[in-house]
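One structure is given below, encoded as structure tokens.
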DNA sequence: CTGTGACTGCAAGTCCGTA
DNA sequence: ATACGGACTTGCAGTCACA
């Protein structure tokens, strides 16, 4: 999977997770809203400095924008099925 | 630490580790040698597509180009001090 | 082998609309 | 709220000579 696609996918994923609109993220990151839209559609080839601003606005490490979807099982987990301690034992 | 600095630092680090010259890496990645030099000096602001070619030429995942130097203890480890099993116990 | 300044073409990135 | 286009400015991609 191309880094550009990874980037687009992760930015959108994390943005949604944060409950932010494209408009708001763009403003926070100091980039154009229309450009952010194009970035998420993979029609843009952004520079590192732009990545920097976006990752800061999202509150994540730059490398987090390149995580592979295939390894999302361990990343997307909002709550990792917290292995809640069994309060009631079946036969206890 | 700025992503641009992280990038520069990691590209150089991995390139040296591979025993490659700037010239050779540049040729493999299909970019200009002078440009690669500038990139390692942090005087360039490359795009994702350039990162893509470099990471492929280095044989690493794009996100590996953003690892933090402070966490290098766990990344630079050529051999991770393999916790060799104690063959002789002190009081055993 | 690498650092650096200068240069040009074209893409990055902005701002404006429309749907 | 988002997708998408057009026109526009800024800055990067890519190259060279020279140290």
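Protein chains in written order, with the UniProt record's numbering: chain R, 1 to 92; chain E, 1 to 92. Glycine included, C-beta positions come from ideal geometry on N, C-alpha and C. Here the structure is a predicted model, which means the values were calculated and not measured.
- In this structure, the CA atom of residue 42 (chain E) is about 31 Å from the CA atom of residue 18 (chain R).
- For residue 69 (chain R), not one C-beta of chain E is nearer than 9 Å to its own C-beta.
- Taking 9 Å as the cut-off, the beta carbon of residue 52 (chain E) is found closer than this to the beta carbon of residue 2 (chain R).
- Looking at the DSSP output, residue 47 (chain E) sits in a beta bridge with R:47.
- Residue 10 (chain R) and residue 4 (chain R) have their C-alpha atoms spaced approximately 10 Å apart.
- In chain order, 45, 46 and 47 make up the part of chain R whose C-beta sits under 7 Å from the C-beta of residue 47 (chain E).
- Residue 39 (chain R) is positioned such that its CB atom lies closer than 9 Å to that of residue 8 (chain R).
- Judged by beta-carbon spacing, residue 15 (chain R) lies within the 9 Å limit of residue 25 (chain R), meaning their Cβ atoms are closer than that value.
- Under the DSSP assignment, residue 2 (chain R) falls outside any alpha helix (DSSP H); it carries neither an H nor an E label.
- Contact of residue 64 (chain R) with chain E is assigned, a C-beta pair being separated by under 9 Å.
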